[in-house]
Every structure is written in structure tokens, then in C-alpha cells.
Amino acid sequence: MDHYFQSAKKMEETIPKHVYSDFSVQGLYKSITPKNNMAHVPERNEDQDSIKNITTISVEELIGPLNEIEKKYAPLWLYIAGDRRIAKINPRISVIGSRHPSQEGLKNAENLVRYLITRNAVIVSGLALGIDTTAHKIAITNGGKTIAVLGNPLDQCYPKENYDLQKEIIRNHLAVSQFKSGHPIQPRNFPMRNRTMALISDASIVVEAGDSSGSLSQGWETLRLGRPLFILDTVLNNKELLWPRKMIDYGAKLLSLKKMAEQLFEFLPSYENMADTKNVTLYT
Amino acid sequence: MITHLISHIGPHGTTDKEKDARNLMFLIKQEKLISNPPIAMSEYIARKIAGELAVLPFKNFFGRDVFLVPIPKSSLMATGTLWVPHRLVQALCKFNLGSEFNCLTRIKPVNKAAFAKPGDRPTAIGHYETISVQKKLESPKQILLVDDVVTRGATLLGSASRLHEAFPDAVIRGFAVLRTVSESKFFDRVDSPTIGTIKLNNGNTYRRP
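The listed protein sequences derive, respectively, from chains A and B.
Last residue of the first sequence: number 993 in the numbering used here, and the count goes up by one each step with no gaps.
Last residue of the second sequence: number 190 in the numbering used here, and the count goes up by one each step with no gaps.
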């Protein structure tokens, strides 16, 4: 596996771009990129737990059947690399926020993720700079599992600072993207990615965000899906922000780091393979 | 007012049955799909009620001439949002258990009962004041309010009061798929269809059982 990344590393050195493409020149991602996206039948890879290939998979195959509301913005296919079993662990909680957070925001994200990991939650985030990077890194260094939902194809890295982190997530965790290889990285990818991240997560927590932050699109989608959306109460310290109060009116809940044990888990699934709902005992 | 409850849940439960109940609540509140071929929880519940109607204690609460009214969410709601009571109403209609009458709207958000501390929970009067009703030209004879989970019943009672104002001659009842229980000792089984009452006394709502 390493030699693939080493070749990519060489490219990184020779192509001074802020977007690195194709860290898979040796054919790492040969199996993806369906010729006709609409008609493509996902290729099966028997060795799903390895990171040798990107697998094309439907959202329902990854996390379980979707209701009509969930299907509305669900991508047709997802491209995944890493251990897909992570997507079946509950609860999966998004920790998201600003790309330019305050020191306090970073500290809060760190404490939050540390706590979530002790409760066996999978940390979902977007591999952006700032809060996202902290969320992934703290999850990894504390023995937790993490899912990165990318706004670019898996064989590209954006931003470049997270090259090693993306590599680590593909190797030991799970990376997901709705964009096939070759898809351009453009601003509109990211709100789409945010909806997908909301769909994959049982709940979302916004740590810190400005009124124009991309995290808000995930917040609104989480509310639309009827899933818990938490906003760290420290966000309210900035009285000029309009979004927190508006989201609270539409059902978001304030989360206090001191009281999160009682606030967070009451309405979250707490057992594995929740997506495999046919195994749930309903009536006894 | 009389309520009809199919199951009950203990949110802090630790036994297997209590966990089952908690998971059931999760499945319902998220409108998850279960079984094979997959079926949405709302349809699963409606199918179960339709199939067992003859033996359910609240069988006379459903029927083609009953107007089913979904309970509004505690918050405001953007178009296209998952609204579980509405999904339940649509599913019940599919099984000819009533006809949809979507007439209640939340005009101002209230603290969500399930998240608020007991002292901060919205009262029935609080719900009454933040819900508006859209009238209908003809007067329904029987109305059944439909909700997913009932805690103390303040939302059901507040909504029923609004409806009673608009339709004074109608018989108004309530139905919730799940009822919460505060202590484990009151929890014996998940599947426990029951008829009970919700009353207002000195501004507080009391649900029995």
C-alpha cells in the first residue's frame, strides 16, 4: 500500500498545486470510476476490509435502507476506501465547524471528541482544516474510529495539509466521497458533501461556526432529516451570530460540555449494527 | 381526554426489554425502515394496528369517518422536514383507519419536552398558545390526534384544547405509539396497548397510566 502513497508523495513534490490529485497512480483506484454512473453496477471486492481499492457502493448498502425524506438528497453512489464496517457502528456523530476556529473552539472540539470516543461513538467529519481536522485527529489518537466525508474524489486531497491524515483515514478508518475520480473540486461540492455527511451521521454537533459557514448547511439538513442537531453553547458567546437562535427555533439543541453525558445520548442508538434493523427485536 | 397507547418506554432503562423499547423509540422517531422487504416504521405500526384492531382496547378510535390530525413538532418546521406524526397519519390512512386532516401548525417554538428538564417543560397551556388551527367548512364528528411519543401529554392536551375551540361538537381523542414510564418498576413489557387519561390540574398535566 505504501508505495502507492509514496508515488503520490512524489507528485506532491513535483506539482506545486493546492489540490493534489491521484495518489493512486499505480492503479490503486482502477476499479472505480464507472463508465456510466447511472447504469453502473458496483464492482464487488471480496476483500472489503482492506484498503486496496475504492469500492463503489450505494448509501443504502453502506448504512441501511433509507426513508423517503432521507432519499431526497442522497447521492446515487458513494465511493469508499477503508473499513466499511465502521459505517455500521452506532452512534455515528458528526463533529463539525469553522475552518478558522478560535483556540477555545479547538479545545472544545478536542474535549468533545475525547468524550464521544469514551462512549464508543464514531466521529464523522469533513476533513477540512480547523475543527474537522481536530475532530479526526483526536479520534484517531484516542483509539476511536472516524469517517471522513470528502468534498472531492478520494484519489485527490484537499486541502493539502491533510494529505497524511487522509492517508491514515483510508488505511485504518473510512473515507467516503460522492464524487467519482476526475470530478472537479468546486465550491458546490461542499454543500452536497455536507448533506451526505448529515445523512451518514445519527446526530451532528456544530462546535463553532460563522453565519456563512458551510457547517450550517449540514445543520439544516440534519434538522430536515429529523435527527438531533446540537450546537455547543459557547457559540452563543458571540452575540452577533444570527444562525444559532434561528436553528434553535427549528429544533436544534444547545449542548453544554459539562452536561453532555445526559444531553447527548438519550435519543441516540447505542448498539452496533443499528442499520441492520431486521435484527432488532420489536415486540416481546 | 382519553389516549391510546400501543407501547411504553423507559428512556433510562437498562434491562434488555427496556433497551428494546428504547430502540423502538429510536426507530419510530427516525422513521427507520425495518424487516425484509424494508418497510417504514410508520407503515409497520399502521399495519400492526390494522391487523390487530379487533382485539385492541382502542379499536373504536379508528375508522374511515375519523379525522386523523398529526401533532405539530415542538419547533418550527421547514418544508420537507421529517414529521413523524404526519407520516403515521398517512400510513394509518393507507390502511383505512381514518382520513388525514392536517390542521394544526406550530406558530412559535416551545422547549422540546423530551430534552427539557421537568421544570422547564412546556405546559399544555404553553402548547395551546403556540399552536394555531385551520378550520374546515364541514364539522368533523370524530377527531383523533396522532403523535409518536407521549411523555406527560401536554402537547396532546394543548392541541386538543385548540381543536375543541374550533370544533366544539367533535369527539376529540389522542393516540401515541409510545408512552414513557418514569421508573423501571412500572415497566413490564414493550407491547402494551392501553387506554388512559390526560388531565390538567393547576396548570400541570397528569397522565394515567
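For every residue, glycine included, the Cβ atom is placed at its ideal position computed from N, Cα and C.
Keep in mind that this is a model prediction, so the values were computed, not measured.
Partner residues on chain A for residue i, Cβ-Cβ distance less than 9 Å
i	result
P90 (chain B)	I957, D958, Y959 and G960
Cα-Cα separation, residue i to residue j
i	j	result
N746 (chain A)	F888 (chain A)	Residue confidence is low: N746 (chain A) scores 35 on pLDDT, short of 50, so the model does not pin down where it sits. No coordinate-derived value is stated.
R793 (chain A)	I26 (chain B)	31 Å
R880 (chain A)	Q972 (chain A)	33 Å
F939 (chain A)	A818 (chain A)	13 Å
I179 (chain B)	T132 (chain B)	10 Å
L964 (chain A)	I957 (chain A)	11 Å
Q927 (chain A)	T186 (chain B)	36 Å
I798 (chain A)	V833 (chain A)	12 Å
V201 (chain B)	K13 (chain B)	Coverage of chain B is limited to positions -18 through 190, which leaves residue 201 (chain B) absent and any answer about it impossible.
I760 (chain A)	S886 (chain A)	Caution is warranted here: a pLDDT of 42 is assigned to I760 (chain A), below 50, making its placement in the model unreliable, and the coordinate value is therefore given only provisionally. Those two C-alpha atoms are separated by around 15 Å.
N4 (chain B)	T931 (chain A)	20 Å
P38 (chain B)	L63 (chain B)	29 Å
V36 (chain B)	S142 (chain B)	30 Å
L934 (chain A)	P774 (chain A)	14 Å
A21 (chain B)	D873 (chain A)	41 Å
V989 (chain A)	K0 (chain B)	At V989 (chain A), the pLDDT of 41 sits below 50, so the modelled position is not reliable; the number obtained from the coordinates is stated separately. One C-alpha to the other measures close to 10 Å.
E755 (chain A)	S924 (chain A)	The predicted position of E755 (chain A) is uncertain, since its pLDDT is 38 and thus under 50; a value taken from the coordinates is nonetheless stated next. Cα to Cα, E755 (chain A) sits roughly 36 Å from S924 (chain A).
R772 (chain A)	A796 (chain A)	The sequence given here places Ile at residue 772 (chain A); Arg does not occur at that position. The straight-line gap from Cα to Cα measures roughly 6 Å.
L945 (chain A)	N820 (chain A)	18 Å
A970 (chain A)	P800 (chain A)	14 Å
A105 (chain B)	G134 (chain B)	8 Å
L137 (chain B)	T111 (chain B)	13 Å
E33 (chain B)	K(-2) (chain B)	22 Å
T161 (chain B)	V152 (chain B)	25 Å
S811 (chain A)	V916 (chain A)	11 Å
M906 (chain A)	D172 (chain B)	35 Å
A918 (chain A)	L825 (chain A)	20 Å
Contact set between residue i and chain A, taken where Cβ atoms lie within less than 8 Å
i	result
A191 (chain B)	Nothing can be reported for residue 191 (chain B): it is not among the residues displayed for chain B, which extend from -18 to 190.
K54 (chain B)	G960
Contact set between residue i and chain B, taken where Cβ atoms lie within less than 7 Å
i	result
N829 (chain A)	The premise fails here: N829 (chain A) is roughly 15 Å from chain B at the closest Cβ pair, so nothing lies under 7 Å.
R936 (chain A)	Q11
Residue from the options whose Cα sits closest to the Cα of residue i
i	options	result
N83 (chain B)	B:P66, B:K89 and B:F76	B:P66
S120 (chain B)	B:R28, B:S113, B:D150 and B:T104	B:D150
I15 (chain B)	A:K854, A:E769 and A:T765	A:E769
E877 (chain A)	A:G853, A:Q895, A:G860 and A:S890	A:G853
L69 (chain B)	B:L181, B:S23, B:T104 and B:K116	B:S23
G806 (chain A)	A:I778, A:L825 and A:N903	A:N903
N762 (chain A)	A:N829, A:R828, A:S890 and A:P868	A:S890
T999 (chain A)	A:R897, A:P893 and A:A848	Because chain A spans 710 through 993 in this model, residue 999 (chain A) falls outside it and cannot be assessed.
Y109 (chain B)	B:K122, B:K89, B:P19 and B:E81	B:K89
G184 (chain B)	B:I176, B:R102, B:T60 and B:R45	B:R102
I977 (chain A)	B:E33, B:D(-3) and B:M6	According to the sequence shown, residue 977 (chain A) is Leu rather than Ile. The shortest C-alpha separation from L977 (chain A) is found at B:M6.
H892 (chain A)	A:G860, A:N829, A:K780 and A:P810	A:G860
D864 (chain A)	A:L825, A:A884, A:N851 and A:T850	A:A884
L908 (chain A)	A:E779, A:W786, A:T765 and A:F899	A:E779
S767 (chain A)	A:W786, A:A912 and A:E813	A:W786
G44 (chain B)	B:K116, B:P174, B:I52 and B:Q123	B:Q123
E146 (chain B)	B:A2, B:N41, B:T175 and B:Q115	B:Q115
Residue i vs residue j beta-carbon contact at 8 Å
i	j	result
V127 (chain B)	L57 (chain B)	no
P50 (chain B)	L85 (chain B)	The sequence as given places Val at residue 50 (chain B); Pro does not occur at that position. Taking 8 Å as the Cβ cut-off, V50 (chain B) and L85 (chain B) qualify as a contacting pair.
I802 (chain A)	S921 (chain A)	no
Q875 (chain A)	L815 (chain A)	no
S113 (chain B)	V91 (chain B)	no
H882 (chain A)	I856 (chain A)	yes
P862 (chain A)	Y782 (chain A)	no
D129 (chain B)	I9 (chain B)	yes
F76 (chain B)	R154 (chain B)	no
F148 (chain B)	L125 (chain B)	no
A844 (chain A)	V822 (chain A)	yes
G139 (chain B)	G107 (chain B)	yes
A912 (chain A)	R936 (chain A)	yes
A59 (chain B)	Y867 (chain A)	no
Interface residues of chain B facing residue i [CB-CB closer than 8 Å]
i	result
I778 (chain A)	E12, G61, T62 and L63
Chain A contact residues for residue i, given Cβ-Cβ distances below 7 Å
i	result
P19 (chain B)	P774
Beta-carbon neighbours of residue i, restricted to chain B and to distances below 9 Å
i	result
K781 (chain A)	G61
R904 (chain A)	Under the 9 Å cutoff, chain B gives no residues; its nearest Cβ is about 12 Å from R904 (chain A).
Is the number of C-beta pairs between the stretch 942 to 955 of chain A and the stretch 838 to 846 of chain A that are closer than 8 Å three or more? The stretch 942 to 955 of chain A, when compared against the stretch 838 to 846 of chain A, does not touch it at the 8 Å Cβ threshold.
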